[in-house]
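Input: a single structure, listed below in structure tokens.
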Amino acid sequence: MMCSSDTVSHQNLIQNRASQHQPWLTSVSEEHMDCDMEDCSNRGTCSGNKKYFACLCFKPYYGRRCEYEYVEVDHVNLLAHIPKGKTRALLDGAYEY
1 MMCSSDTVSH
11 QNLIQNRASQ
21 HQPWLTSVSE
31 EHMDCDMEDC
41 SNRGTCSGNK
51 KYFACLCFKP
61 YYGRRCEYEY
71 VEVDHVNLLA
81 HIPKGKTRAL
91 LDGAYEY
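Residue numbers (full-length UniProt numbering): 1 to 97.
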């Protein structure tokens, strides 16, 4: 998260633990009349008829064409400059500044 003049610092923010899972339906598109394998990314399977197609995505992928990936965040270091008395923040509990 980055806000105007705030500084965000992070180390080893995202650890991808992608593994093969059963495909899951994330959305249906009306863009094409035909369904081609190229319509879905990341090994997603295209299924459709003459009007609609849908991508069946393997976890951790999702989206209309399996173009996005869920990731697990293990640890976040946040450094922010917050004016005293101006902001309330919830970081590891409730703190008022």
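Note that the Cβ used here is the ideal one computed from N, Cα and C, for glycine as well.
Per DSSP, the beta-bridge partners of G48 are F53.
Using a Cβ distance threshold of 8 Å, G48 and A54 count as a contacting pair. Taking a 10 Å sphere around the C-beta of Y70, we find fewer than 16 other C-beta atoms and assign the residue as exposed.
The beta carbon of G44 is closer than 8 Å to those of P23, C55, L56, C57, F58, Y61, R65, C66 in its chain, skipping five residues each way along the sequence. From the listed residues K51, Y68, Y52, the smallest Cα separation to N42 is found for Y68.
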